Ligand code: CA
């Protein structure tokens, strides 16, 4: 079975309102899907992390750089293809966009492998350690409004997300350390004793500011403090983890096994958040997961993007062993974006319908059982939203 064509579909639409995090505001939702076709009619789907114009550049890498390297290769030789592409790209970028582009292709090749075997991805990896996973709902994005307006909105939104059935919720910060602590207090109040809350700084703090906010989070009982400092600041991560009694999480901006080796050996993470659509696809995710478990670092996948990314992550979460295990082991969660996202809700011929599962099943989401990643995108929907590039 040979690869005949690789196509990137960059989808985009205008959001009903602008959303922000500590680095920028954005007004458009983007998704970058990768379709790999074969000479036997089996087609695989994957997704590349990277919003806006990043997706447009990644499309060029997928179609103009990676495709000529592997067109005509056996679609089932995904590990051979991974190493061939990585070796040829190594001199031009061992992290970042080349790896994001490779990720989408690799996920599509695993989708093909599952379809050929007639097995869902989790079965292909080794079976399901769980048939459902709890979801946490993230929202509480920044807007161009006053601190006081943020505080009132975050309190209401936290209560609303927990009210939807999610067992935990995650907020953004980034208005400055003192204002951010007030935002976190509002979310703690909105959640009350009905669930957990987490705080995502998207690496906006210095280490000393992160200590200032982190000490307040200890008092409020936040479950984790995500990307408090820059991903390159390994010393900052290690100091924060040693000095704070709140879980330090991060890793969504790290790539491949060698990048992950460094951050794990640094001992700066309580919870690792690998992003399968960025770090190198399913092939590399499995190696990174093994590294995380080698260090007994729990993993909660970073999830961003369309229903293709959500389905891929559900497969991976099903196949993730509980380490160290036990009668009531530590369990991963599915990260789920509660903000406006048509690419999550309307892309599939048969939607995952996460929100109604969460509402019906006590916050739990079931694992797709179809072959490969277990979902099929609707081509009419893709055509209606695809950028003409
Ligand atoms: Ca994050």
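Numbering (the working numbering), first residue to last: 481 to 869. For glycine and all other residues, C-beta sits at the position ideal for the given N, C-alpha and C. Here the structure is a predicted model, which is why all the values come from computation and not from measurement.
Query	Result
Any idea if residue 732 is buried or exposed, counting beta-carbon neighbours within 10 angstroms, 16 or more meaning buried?	buried
Just confirm the distance between the C-beta atoms of residue 847 and residue 794, as a whole number of angstroms; I'd bet it's less than 8 Å.	5 Å
Suppose the cutoff is 7 Å on Cβ atoms and the five residues either side in sequence are ignored; what does the same chain contact list for residue 558 look like?	586, 589, 590, 593 and 763
Check each candidate in 818, 824, 798 and 864 and name the one with the smallest Cα separation from residue 609.	798
List the DSSP bridge partners of residue 651.	679
Report all residues from its chain with a CB closer than 6 Å to the CB of residue 645; omit the five preceding and five following residues, and keep chain order.	838, 839 and 843
Is the beta carbon of residue 734 within less than 6 Å of some heavy atom of ligand 1?	no
Whose CA, out of 682, 678, 677 and 708, lies closest to the CA of residue 692?	708
What is the residue span of the beta strand (DSSP E) that residue 528 lies within?	523–528
Hey, would you say residue 549 sits closer than 7 Å to residue 579, going by beta carbons?	no
How long is the line joining the alpha carbons of residue 566 and residue 527, rounded to whole angstroms?	18 Å
Whose CA, out of 493, 634 and 489, lies closest to the CA of residue 539?	489
Between residue 815 and residue 783, how many whole angstroms is the CB-CB distance? I'm expecting something under 8 Å.	4 Å
Determine contact between the segment 632–639 and the segment 825–832, defined as no fewer than three beta-carbon pairs at a distance below 8 Å.	no
Assuming residue 857 and residue 788 are in contact, meaning their beta carbons sit under 8 Å apart, how far apart are those beta carbons, in whole angstroms?	7 Å
Give the DSSP-derived three-state secondary structure of residue 864 in the structure shown.	helix
Alpha carbon to alpha carbon, what distance is there between residue 706 and residue 620?	14 Å
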